[in-house]
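Undergrad: The working numbering applies: residue 1278 is where the sequence shown begins, and numbers increase by one.
Every residue, glycine too, gets a C-beta built ideally from N, C-alpha and C.
In this text the structure is predicted, and so the values were computed from the model without any measurement.
Quick one: the structure is below, and I'll ask about it shortly.
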Amino acid sequence: DGIAGFGDCSLTSTNPADEYDPSIRSFVIPVVVHVIMNDDGSLGDIGRATIERQMVILNDDFAGTGLASDPETPSASLRFVLARQDPSGAPTTGITRSKNTVWFNDEGEYWNDLAWDPTRYLNVYTNTAGGPLGYVNAFPASGSAGDIDDRVVIDWRVFGEASTYGPPQDLGRILTHEVGHYLGLLHTFQGGCGSSSCLDSGDLICDTPPQSEPDVDCSSSSFCGEESLVSNFMNYSWQACMSGFTNEQIRRMRCTLESYRPLLGMESEVCGFVCEHDLNGDGFVNGSDLGIMLGRIGGPPSDIIQCGDFNLDGLITGSDLGSLLGAWGECAESPCDGVATCDDGDECTVNYCLEGECRSLEISGCGICGGAESGSCYESNGTPGCSNAECCEAICEVDPYCCFVAWDASCRTKALSGNFPECDG
1278 DGIAGFGDCS LTSTNPADEY DPSIRSFVIP VVVHVIMNDD GSLGDIGRAT
1328 IERQMVILND DFAGTGLASD PETPSASLRF VLARQDPSGA PTTGITRSKN
1378 TVWFNDEGEY WNDLAWDPTR YLNVYTNTAG GPLGYVNAFP ASGSAGDIDD
1428 RVVIDWRVFG EASTYGPPQD LGRILTHEVG HYLGLLHTFQ GGCGSSSCLD
1478 SGDLICDTPP QSEPDVDCSS SSFCGEESLV SNFMNYSWQA CMSGFTNEQI
1528 RRMRCTLESY RPLLGMESEV CGFVCEHDLN GDGFVNGSDL GIMLGRIGGP
1578 PSDIIQCGDF NLDGLITGSD LGSLLGAWGE CAESPCDGVA TCDDGDECTV
1628 NYCLEGECRS LEISGCGICG GAESGSCYES NGTPGCSNAE CCEAICEVDP
1678 YCCFVAWDAS CRTKALSGNF PECDG
């Protein structure tokens, strides 16, 4: 059973107590991915390699080691693994596949046919998600945790890396965001600016700045007097700019796991492998890992999941040994591991690596026309351009000096002249 208090992570408040600190214990969570296609299988199919890569992304994000993270990004000490035993105890890949157009359109109660015990498995469904890119059906504190319809639903086009939906939703982080909801987190912009009592208003978290509107690219906002946390997974920022959860968000998620999902997370050893079967963390599954396994095989049942207990049954047996032998060789590298940097030096682009290649996204409204740092169009200043992009561009078309040198008194006069409708207001 869980040890946490329900009131510490309710629908209306958070108590980020020390007992939820990730340094105390690690948990592993079994996942089943239900791939739902249309009737003829022409839409919705997701390959196993894509699913496995998505799991790597999810784990990296929760470990604070994903794209755009840094050494200060905290780890949640939560690990997600594709289930290797189904509810009956039979071996499994942790992936199911169905062809049903009604279910594919996120209609019909497909979970009644497909769900694995929601108290013990994180059930992820991929289909059209009914329109949004992903959702959870309810927050766990609402009392629905463990119900048959308890689920995370992801649009199949944004599942995994280099997904068909394309940028800026091509880095597999919709699942990270939705699992945050599944573990009790609200959006960073929930409830607007909230009040001075940040643990029972807004997003119920104090180390996320108050925010009244979502950020939709990589530019922070400051509608509540503080700069928003554009890097947070519970914002709506571009995925290339997201990098982590905050310490209090992590404690709320762990409280939710222990309070509302006590059978889901299993306490585990801290396993510092590069890939799942790499027990000594050297990037290879080889004789060294085999030696570790042979030293542990046949031991007594353990209440804590050991590194090497790949099917999470509390024992290290021949089944786990076979799993290790099946993964023999070098751990698969990310295609971007050899890319030193993609930074092009342009403050108006966001650069990231995908499939071994550098990609670039332009930030709208950035630069000399539309940049907030450029100042008002109705005041002369020493900075080229002004903060109103349309006004700036209209005036610079007739007087390039305003954008290439400085927004001076002449530029200001033009903006106030009434001859440029783009500058009205």
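Tell me, please, which residues DSSP counts as bridged to residue 1429.
TA: Paired residues: 1401, 1413.
Undergrad: Can you give me the start and stop residues for the alpha helix (DSSP H) that residue 1333 sits inside?
TA: First-last of the alpha helix (DSSP H) with residue 1333: 1325–1340.
Undergrad: For residue 1364, collect the residues of the same chain with a Cβ closer than 8 Å to its Cβ; drop the 5 residues on either side in sequence, then sort them by chain order.
TA: Cβ within range, chain order: 1393, 1394, 1397, 1398.
Undergrad: Going straight from the alpha carbon of residue 1700 to that of residue 1654, what length do you get?
TA: C-alpha separation (whole angstroms): 8 Å.
Undergrad: With C-beta atoms as the reference, is residue 1335 less than 8 Å away from residue 1517?
TA: No; because the gap between Cβ atoms is not below 8 Å, this pair is not in contact.
Undergrad: With burial defined as no fewer than 16 other Cβ atoms inside 10 Å of the residue's Cβ, what is the status of residue 1606: buried or exposed?
TA: Per the 10 Å Cβ criterion, exposed.
Undergrad: For a minimum of 4 consecutive residues, which ranges assigned as the alpha helix (DSSP H) are wholly contained in the region 1589–1629?
TA: Taking only runs of at least 4 residues, the alpha helix (DSSP H) segments lying wholly in the region 1589–1629 are 1595–1603.
Undergrad: Considering only C-alpha positions, which residue in the set 1322, 1358, 1292 is nearest to residue 1554?
TA: The residue with the shortest Cα to Cα distance from residue 1554 is 1358.
Undergrad: How is the alpha helix (DSSP H) around residue 1381 delimited, first residue to last?
TA: Looking at the DSSP string, the run of the alpha helix (DSSP H) that includes residue 1381 is 1378–1381.
Undergrad: Check whether the region 1482–1497 touches the region 1517–1533, counting contact only when three or more Cβ pairs, one atom from each stretch, lie closer than 8 Å.
TA: Result yes; three or more Cβ-Cβ pairs closer than 8 Å.
Undergrad: If you pair each beta-carbon of the region 1299–1314 with each one of the region 1528–1543, do three or more pairs fall below 8 Å?
TA: Yes: the two stretches touch, three or more of their Cβ pairs being nearer than 8 Å.
Undergrad: Given a cut-off of 8 Å on the beta-carbon distance, is the pair residue 1382 and residue 1405 in contact?
TA: Yes.
Undergrad: Taking the CB atoms as reference points, tell me whether residue 1418 and residue 1538 lie closer together than 8 Å.
TA: No; because the gap between Cβ atoms is not below 8 Å, this pair is not in contact.
Undergrad: Please classify residue 1549 as buried or exposed, where buried requires at least 16 other C-beta atoms within 10 Å of its C-beta.
TA: Exposed, because fewer than 16 other Cβ atoms sit within 10 Å of the Cβ of residue 1549.
Undergrad: Alpha carbon to alpha carbon, how far is residue 1694 from residue 1657? Give it in angstroms, no decimals.
TA: In a straight line, the C-alpha of residue 1657 is about 14 Å away from that of residue 1694.
Undergrad: Could you check where the alpha helix (DSSP H) with residue 1687 kicks off and where it finishes?
TA: Element bounds for residue 1687: 1686–1693.
Undergrad: Among 1576, 1356, 1333, 1328, whose alpha-carbon lies nearest the alpha-carbon of residue 1547?
TA: Selected option, being the one with the closest Cα: 1356.
Undergrad: Select from 1499, 1559, 1619, 1573 the residue whose C-alpha is nearest the C-alpha of residue 1594.
TA: Checked all of 1499, 1559, 1619, 1573; the closest Cα to residue 1594 is 1573.
Undergrad: What are the boundary residues of the beta strand (DSSP E) that residue 1545 is part of?
TA: Looking at the DSSP string, the run of the beta strand (DSSP E) that includes residue 1545 is 1543–1545.
Undergrad: Does DSSP put residue 1310 in a helix, in a strand, or in coil?
TA: Note: residue 1310 maps to strand in three-state DSSP.
Undergrad: Considering just the uninterrupted stretch of the alpha helix (DSSP H) at residue 1565, what are its terminal residues?
TA: Residue 1565 -> alpha helix (DSSP H) spans 1564–1573.
Undergrad: Among residues of its own chain, excluding the 5 on either side of residue 1671, which ones have a beta-carbon nearer than 6 Å to its beta-carbon?
TA: The answer, listed in chain order, is 1697, 1699.
Undergrad: Find the nearest neighbour of residue 1411 within the set 1431, 1362, 1402, judged by alpha-carbon distance.
TA: Measuring from the Cα of residue 1411, the nearest candidate turns out to be 1431.
Undergrad: Can you tell me where the alpha helix (DSSP H) with residue 1668 in it begins and where it stops?
TA: Residues 1666–1675.
Undergrad: Excluding the 5 residues flanking residue 1689 on each side, which residues of the same chain have their C-beta closer than 8 Å to its C-beta?
TA: So the list reads 1654, 1655, 1656, 1657, once near-sequence residues are dropped.
Undergrad: Could you tell me whether the Cβ atoms of residue 1646 and residue 1617 are closer together than 8 Å?
TA: No, Cβ-Cβ distance for residue 1646 and residue 1617 is not below 8 Å.
Undergrad: Helix, strand or coil: how does DSSP classify residue 1679 here?
TA: Helix.
Undergrad: Measuring alpha carbon to alpha carbon, tell me which residue in 1459, 1678, 1350, 1435 is nearest residue 1400.
TA: Among 1459, 1678, 1350, 1435, the Cα nearest to that of residue 1400 is on 1459.
Undergrad: Give the DSSP-derived three-state secondary structure of residue 1518 in the structure shown.
TA: Three-state DSSP puts residue 1518 in a helix.
Undergrad: Under the three-state reduction of DSSP, which class applies to residue 1584: helix, strand or coil?
TA: Here residue 1584 sits in coil by DSSP.
Undergrad: Compare the Cα-Cα distances from residue 1600 to each of 1361, 1352, 1342 and report the closest residue.
TA: The shortest Cα separation from residue 1600 among 1361, 1352, 1342 belongs to 1361.
Undergrad: Just to confirm my understanding: we take residue 1709, look at its own chain, exclude 5 residues before and 5 after, and list those with CB closer than 6 Å. What are they?
TA: Absent from the structure is residue 1709, since the part of the chain shown begins at 1278 and ends at 1702.
Undergrad: Based on the DSSP secondary-structure assignment, which residues constitute the bridge partners of residue 1419?
TA: DSSP output for residue 1419 lists no bridge partner at all.
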